[in-house]
Amino acid sequence: MLARTRPSKTCLSRCLSALTTTVTTPQKVSYITLNNPAKRNALSLDMLNSIISDIESVSEQARCIVLRSTGTVFSSGHDLKEVAAASQQVHYTIFNRCNDLMLMIANSSAPVIASVDGFATAAGCQLVAACHMAVCSHGSKFATPGVNIGLFCSTPGVQLGRAVNRKLAMDMLLTGEPISSEAALRGGLVSRVYSSEELEAETARIASVIATKSNTVLKLGIKNFNSQIKKSLVDAAEQSSQVMVRNLGLEDGKEGLSAFLEKRHPTWQQDK
Amino acid sequence: MLARTRPSKTCLSRCLSALTTTVTTPQKVSYITLNNPAKRNALSLDMLNSIISDIESVSEQARCIVLRSTGTVFSSGHDLKEVAAASQQVHYTIFNRCNDLMLMIANSSAPVIASVDGFATAAGCQLVAACHMAVCSHGSKFATPGVNIGLFCSTPGVQLGRAVNRKLAMDMLLTGEPISSEAALRGGLVSRVYSSEELEAETARIASVIATKSNTVLKLGIKNFNSQIKKSLVDAAEQSSQVMVRNLGLEDGKEGLSAFLEKRHPTWQQDK
Amino acid sequence: MLARTRPSKTCLSRCLSALTTTVTTPQKVSYITLNNPAKRNALSLDMLNSIISDIESVSEQARCIVLRSTGTVFSSGHDLKEVAAASQQVHYTIFNRCNDLMLMIANSSAPVIASVDGFATAAGCQLVAACHMAVCSHGSKFATPGVNIGLFCSTPGVQLGRAVNRKLAMDMLLTGEPISSEAALRGGLVSRVYSSEELEAETARIASVIATKSNTVLKLGIKNFNSQIKKSLVDAAEQSSQVMVRNLGLEDGKEGLSAFLEKRHPTWQQDK
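Quick look at the structure:
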C-alpha cells in the first residue's frame with residue numbers, strides 16, 4: 000500500500016536523514032516515522048529538526064500526516080545527554096525548537112495523527128497531545144516523568160493540560176507515573192485504542208478516510224475550530240456561521256452538496 | 000402522566016405546527032418533540048422556527064424542558080435540500096437562526112435536557128451539545144459528518160468543542176465517523192446512558208426531579224454558572240460567594256433551609 | 000509509619016483542635032484529617048478555620064499534603080445549622096473563608112491530595128475538586144445537592160466546573176443527584192479509584208512518591224502550570240520554555256540530570 004520508502008529528502012544532512020523516514024501514499028497520506036529506536040526516539044535537536052523538516056516538506060501536498068515510531072518507545076522526550084551537555088543558550092534553542100514543532104502541528108493545514116504503539120513520555124507525550132488526533136495500542140503508556148529527575152514537565156504540561164482533564168494532568172505531572180491506554184482514552188489524550196496487531200491497519204484506515212475529504216474544506220474547518228474555541232460562545236457562534244456560509248460558496252462546498260443530493264461521490268478540486 | 004398533546008399553539012402556520020409538538024405535564028415539564036421523522040427531523044428553517052417558537056411559548060412556565068424526537072433519528076442537522084436551493088442571504092438566515100436556538104437554550108432559565116434515542120448528526124449533534132443536560136439510549140450515535148460532503152461542521156464544532164475533550168471533537172469533525180453512546184458518555188457529550196426501553200421513563204424521572212426544585216433558584220444558579228465559568232478562578236469564586244449570599248436571602252432559599260432543618264418538604268413560591 | 004498523632008498545634012482553641020488532626024510522617028507527608036464524623040465533617044466556620052490553620056502550619060515543611068476524613072462522610076459541605084442561624088454578614092464570612100481555603104490549596108506549594116472514602120457533597124465536593132489530585136474508594140459518592148434545599152451549589156460549581164466536563168457538572172448541579180466513583184473517574188473529578196481496603200495504603204504510596212521529588216521543582220512546576228493554562232497556546236509555550244531553562248539552572252535540576260545520567264538516585268537540596 001505504501002508507495003515508497005525513503006529517507007526524507009529535505010533533511011539537512013545525512014546524519015539527520017537517518018532519524019526519520021517519510022513515506023507518502025498515492026492517496027497523499029504522509030507517514031513520518033521516528034526511526035531512532037536505539038535512542039528511544041529521543042527528541043534531540045537533530046530529531047526535532049528532522050521532524051520539522053519532514054512536516055514542512057509534505058505539508059503542502061499531504062492530505063493527512065501520521066506520526067509514528069519504530070521500536071517500543073514512541074518517543075522518550077528530550078535527549079537528556081544533549082540537554083546535560085548544553086549551554087543555557089542551547090537549552091533555549093531546544094525548547095523553542097520543540098515549541099516550533101508543536102505550533103507547526105497545531106497550525107498544519109493537513110490533520111496530524113499520532114499513532115502510538117509503546118511508551119510516549121515527557122516531550123514524547125507532549126507530541127501526542129499536540130496532534131489533532133491520537134490513537135494507540137492497548138499496551139501503550141503515557142507519562143510526564145520529568146519531575147523524577149528534577150525537571151518538571153512544564154512544556155509537556157502546556158499540551159497535556161489542554162488535552163486532558165485537570166486532575167489527570169496534575170496526577171501525571173506530580174507523580175511522574177505512567178497511565179495506561181485506557182486511562183488515556185478516558186482522559187482524552189487519545190480518541191481510539193486498538194490491539195497492537197490492528198493499530199497499523201486502523202491508523203491507515205483513519206488516515207485514508209481523512210484523505211478522501213476536501214483538503215480545502217479541512218483547512219478552513221481546522222483553522223476556524225482553533226480560532227473559535229478561544230472565543231466567547233456568542234462570538235464563536237457568529238464567526239462560525241460566517242465560515243459555514245463561506246464554506247458553502249467554495250467549489251468543493253458546492254460539489255459536495257450536489258453530489259450528496261445526486262447520490263454520487265463528490266470530486267474535489269484537488270482530484271481534478 | 001402527560002396532561003395534553005397538542006401541536007404548538009404559537010406555531011406560525013399549520014405547516015409549522017406539524018414539525019414539533021409540545022406537551023406540558025401538570026408538573027410543568029415541557030416536552031418539545033421533533034416530529035418529522037420522514038425528513039429525519041432535519042433542522043430546516045421551519046423546524047428551527049418551530050423549536051424556537053415552542054421554547055418561547057413554554058419558557059416562562061416550564062420548570063424543565065425536554066427535547067426529544069420521534070423516529071430513529073434525533074435530528075440529521077440542517078435540511079441539505081433547503082441549503083442547496085438557498086441564496087447566500089438565506090444561508091446567513093439559516094445559520095443565524097440556528098445560533099439563535101443554541102443561545103436561547105444556553106440562556107434558558109428552565110434547564111433543557113436532550114433525550115436522544117437514535118442518531119444525532121451535524122446540527123442535530125450541535126443541538127444535543129448545546130443543551131444543559133443530555134441523556135441517550137445505548138444504541139444512540141453521534142456524528143459531525145459535514146466534512147464528508149465538503150461542508151465542515153464548523154457551527155456544530157462550537158458546541159461540541161465546549162462539551163467534549165479536544166481529541167474527541169477533532170476526531171469527529173475530521174473523520175466524520177459516528178461515535179457510540181459509550182464514547183459520548185466517556186467524552187462528556189451525555190451524562191447518562193440507558194437502555195432504549197428505559198430512556199423515556201428515566202428522562203421523565205430526571206425532568207421530574209428538576210421540576211421539584213425552586214425555579215427561581217435554578218435560574219439564579221444556571222445564570223451564575225454560565226457567567227463564572229468564563230472568569231478567572233479568583234473572580235469566579237468571589238462572584239459565586241456573593242450569589243450564595245443572595246440565594247440565602249431569597250424566599251425559596253430561606254424556606255429550603257428551614258424545611259431541611261425541620262425535616263419537612265419545602266414549599267417553593269412557585270407552588271403557592 | 001506515621002510519626003506522631005496530635006491535635007493541630009496552631010488551632011485557635013481547644014474546641015477547634017478537635018475538628019481536625021494533623022500528622023506528619025518522617026518523609027514530610029502531612030495528613031490533615033477532618034475529624035468530626037458526628038457532624039458529617041461539615042465545613043463550619045470553625046472547621047474551615049481549622050483546616051486553613053493546619054495547612055498554614057504544615058505548608059512550609061510538607062512535601063505533600065493529604066486531606067482525608069474519619070467516618071463515612073468525607074464532608075457534607077457547609078454547616079447548615081450554622082448558616083441558618085447566621086446574619087448576612089456572617090454568610091459573607093463563611094463563603095469568603097471557604098474561598099480562602101480553596102485558593103490556599105490551589106496556590107499551595109506542596110501538592111494537596113484529597114483521599115475520599117465515602118460521601119463528598121456540596122462544599123465537601125468543592126474541596127475535592129479544588130485539590131491538585133483526588134483519589135477515592137469504589138463506594139465513594141459525590142454530589143452537589145444544594146438545589147434540593149433551595150441553595151444552588153454556586154461556589155462548589157466554580158471548582159466542579161473546572162474539574163469535570165460541562166454536561167456532568169450541570170447534571171450534578173441541576174438534579175442534585177450523587178455520582179458514583181466510576182462516574183467521578185470518567186468525568187475527571189478523581190484520577191484513581193481503589194477498593195476501600197486499599198485506599199489508605201495507596202494514598203500513602205502516592206503521597207510518598209510525590210514526597211521523594213524535589214520540592215523546589217514541584218513548586219516551580221505547579222506555579223507555572225496554573226499560570227500557563229490560562230494563557231494562549233503561544234504565550235503558554237513561550238513562558239513554559241523559559242521555566243524549563245530556569246528549572247535546568249536550579250541546583251536540583253542539575254543534580255537530577257546528573258543522577259539520571261550517572262544511574263544513581265538524586266539527592267535534593269531539601270535532603271542535605
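Chains as they are written, first to last, in numbering that gives the first Met the number 0: chain A, 0 to 271; chain B, 0 to 271; chain C, 0 to 271.
C-beta: ideal position from N, C-alpha, C; glycine also.
Presumed contact (8 Å Cβ cut-off) between residue i and residue j, rounded CB distance
{"i": "Lys27 (chain C)", "j": "Arg67 (chain C)", "result": "With a Cβ gap of about 17 Å, Lys27 (chain C) and Arg67 (chain C) do not count as contacting."}
{"i": "Thr19 (chain B)", "j": "Ile64 (chain B)", "result": "Not quite, the Cβ-Cβ distance comes to about 12 Å (not below 8 Å), so this is no contact."}
{"i": "Val82 (chain C)", "j": "Leu247 (chain B)", "result": "7 Å"}
{"i": "Val111 (chain B)", "j": "His90 (chain B)", "result": "Incorrect: roughly 26 Å between the Cβ atoms, too far for contact."}
{"i": "Ala121 (chain A)", "j": "Val189 (chain A)", "result": "Between Val189 (chain A) and Ala121 (chain A) the Cβ distance is about 17 Å, and since that is not below 8 Å, they are no contact."}
{"i": "Ile148 (chain B)", "j": "Pro36 (chain A)", "result": "Actually they do not touch by this definition, with Cβ atoms about 42 Å apart."}
{"i": "Asn98 (chain C)", "j": "Ser75 (chain B)", "result": "Not confirmed; about 46 Å, so no contact."}
{"i": "Phe224 (chain B)", "j": "Gly160 (chain C)", "result": "6 Å"}
{"i": "Lys218 (chain B)", "j": "Ser108 (chain B)", "result": "4 Å"}
Nearest candidate by alpha-carbon position, reference residue i, set the options
{"i": "Phe73 (chain C)", "options": "C:Lys230, C:Cys135 and C:Leu249", "result": "C:Cys135"}
{"i": "Ser29 (chain C)", "options": "C:Thr202, C:Glu197, C:Asp170 and C:Thr92", "result": "C:Thr202"}
{"i": "Asp78 (chain B)", "options": "B:Leu47, B:Leu172 and B:Glu196", "result": "B:Leu47"}
{"i": "Phe118 (chain C)", "options": "C:Glu176, C:Leu219 and C:Gly255", "result": "C:Glu176"}
{"i": "Ala85 (chain A)", "options": "A:Leu159, A:Val233, A:Ser194 and A:Leu44", "result": "A:Leu44"}
{"i": "Ser195 (chain C)", "options": "C:Asn147, C:Asp116, C:Ala128 and C:Thr215", "result": "C:Asp116"}
{"i": "Asn40 (chain B)", "options": "B:Thr92, B:Asp99, B:Ser56 and B:Cys124", "result": "B:Cys124"}
{"i": "Lys212 (chain C)", "options": "A:Asn34, A:Gly145 and A:Asn98", "result": "A:Gly145"}
{"i": "Ser180 (chain C)", "options": "C:Leu198, C:Gln268 and C:Leu173", "result": "C:Leu198"}
{"i": "Asn95 (chain C)", "options": "B:Val244, B:Ser257 and B:Gln268", "result": "B:Val244"}
{"i": "Ala183 (chain C)", "options": "C:Asn164, C:Leu173 and C:Glu254", "result": "C:Asn164"}
{"i": "Gly138 (chain C)", "options": "C:Lys222, C:Ile178, C:Thr174 and C:Leu42", "result": "C:Ile178"}
Residue range of the unbroken beta strand (DSSP E) whose run includes residue i
{"i": "Asp135 (chain A)", "result": "It should be noted that the sequence gives Cys, not Asp, for residue 135 (chain A). Counting along the chain, the beta strand (DSSP E) containing Cys135 (chain A) begins and ends at Met132 to Ser136."}
{"i": "Ile112 (chain A)", "result": "Val111 to Val115"}
{"i": "Leu66 (chain B)", "result": "Cys63 to Ser68"}
{"i": "Val192 (chain B)", "result": "Arg191 to Tyr193"}
{"i": "Lys140 (chain C)", "result": "Lys140 to Ala142"}
{"i": "Thr20 (chain C)", "result": "Thr19 to Thr23"}
{"i": "Thr154 (chain A)", "result": "Where Thr154 (chain A) is concerned, there is no enclosing beta strand (DSSP E), although the alpha helix (DSSP H) it sits in stretches over Ser153 to Ala162."}
{"i": "Ser75 (chain C)", "result": "Where Ser75 (chain C) is concerned, there is no enclosing beta strand (DSSP E), given that its DSSP letter is neither H nor E."}
{"i": "Ala119 (chain A)", "result": "Phe118 to Thr120"}
Boundaries (first-last residue) of the alpha helix (DSSP H) holding residue i
{"i": "Ala183 (chain C)", "result": "Ser180 to Gly186"}
{"i": "Leu33 (chain C)", "result": "Element bounds for Leu33 (chain C): not the alpha helix (DSSP H) but the beta strand (DSSP E), Val28 to Leu33."}
{"i": "Thr92 (chain A)", "result": "Gln87 to Ala105"}
{"i": "Ile50 (chain B)", "result": "Leu44 to Ser58"}
{"i": "Lys271 (chain B)", "result": "Here Lys271 (chain B) belongs to no alpha helix (DSSP H), and DSSP marks it neither H nor E."}
{"i": "Glu250 (chain A)", "result": "Glu250 to Leu260"}
Residue i classed as buried or exposed, judged by whether at least 16 other C-beta atoms fall within 10 angstroms
{"i": "Thr71 (chain C)", "result": "exposed"}
{"i": "Thr24 (chain B)", "result": "buried"}
{"i": "Val157 (chain B)", "result": "buried"}
{"i": "Asp53 (chain A)", "result": "buried"}
{"i": "Ser231 (chain B)", "result": "exposed"}
{"i": "Gln227 (chain C)", "result": "buried"}
{"i": "Glu59 (chain A)", "result": "exposed"}
{"i": "Val242 (chain C)", "result": "buried"}
{"i": "Asp270 (chain B)", "result": "exposed"}
{"i": "Asp234 (chain C)", "result": "exposed"}
{"i": "Glu237 (chain A)", "result": "buried"}
{"i": "Lys262 (chain B)", "result": "exposed"}
{"i": "Ala200 (chain C)", "result": "exposed"}
{"i": "Lys166 (chain A)", "result": "buried"}
{"i": "Asn106 (chain A)", "result": "exposed"}
{"i": "Ala2 (chain A)", "result": "Bear in mind that the predicted position of Ala2 (chain A) carries a pLDDT of just 42, short of 50, making it unreliable; the figure below should be weighed with that in mind. Per the 10 Å Cβ criterion, exposed."}
{"i": "Lys140 (chain C)", "result": "buried"}
{"i": "Leu11 (chain B)", "result": "Bear in mind that the predicted position of Leu11 (chain B) carries a pLDDT of just 41, short of 50, making it unreliable; the figure below should be weighed with that in mind. Per the 10 Å Cβ criterion, exposed."}
{"i": "Arg191 (chain A)", "result": "buried"}
Contacts of residue i in chain D (Cβ-Cβ under 9 Å)
{"i": "Asp116 (chain C)", "result": "The question asks about chain D, but that chain is absent: this structure's protein chains are A, B and C."}
Residue i beta carbon near the ligand ADP (any heavy atom closer than 6 Å)
{"i": "Thr24 (chain A)", "result": "Ligands displayed in this structure: none; no statement on the ligand ADP is therefore possible."}
Where the stretch 144–168 of chain A meets chain C: residues whose CB sits under 9 Å from a CB there
Against chain C - using a Cβ distance shorter than 9 Å - the residues of the stretch 144–168 of chain A are Gly145, Val146, Asn147, Ile148, Gly149, Leu150, Phe151, Cys152, Ser153, Thr154, Pro155, Gly156, Val157, Gln158, Gly160, Arg161, Val163, Asn164, Arg165, Lys166, Leu167 and Ala168.
Could you name the residues of the stretch 78–94 of chain A whose beta carbon sits closer than 8 Å to any beta carbon of chain C, in the order they occur along the chain?
Interface annotation for the stretch 78–94 of chain A against chain C: Leu79, Lys80, Val82, Ala83, Gln87, His90, Tyr91 and Phe94, criterion Cβ-Cβ distance under 8 Å.
Taking a Cβ distance cut-off of 9 Å, strictly less, list which residues of the stretch 172–185 of chain B are near chain A, in chain order.
Against chain A - using a Cβ distance shorter than 9 Å - the residues of the stretch 172–185 of chain B are Leu172, Leu173, Thr174, Gly175, Glu176, Ile178, Ala182 and Arg185.
Can you pull out the residues from the stretch 214–229 of chain C whose beta carbon lies closer than 8 Å to at least one beta carbon of chain B?
Residues are counted here when their Cβ sits less than 8 Å from a Cβ of chain B; for the stretch 214–229 of chain C these are Lys229, given in chain order.
Mind listing which residues of the stretch 108–136 of chain B have their C-beta closer than 7 Å to chain C's C-betas, in chain order?
In summary, the residues of the stretch 108–136 of chain B whose CB is separated from some CB of chain C by less than 7 Å are Pro110, His131, Met132 and Ala133, in the order they occur in the chain.
Of the residues that make up the stretch 251–270 of chain B, which ones have a beta carbon closer than 9 Å to any beta carbon in chain C?
Residues passing the 9 Å Cβ filter: Asp251, Gly252, Lys253, Glu254, Gly255, Leu256, Ser257, Ala258, Phe259, Leu260, Pro265 and Trp267.
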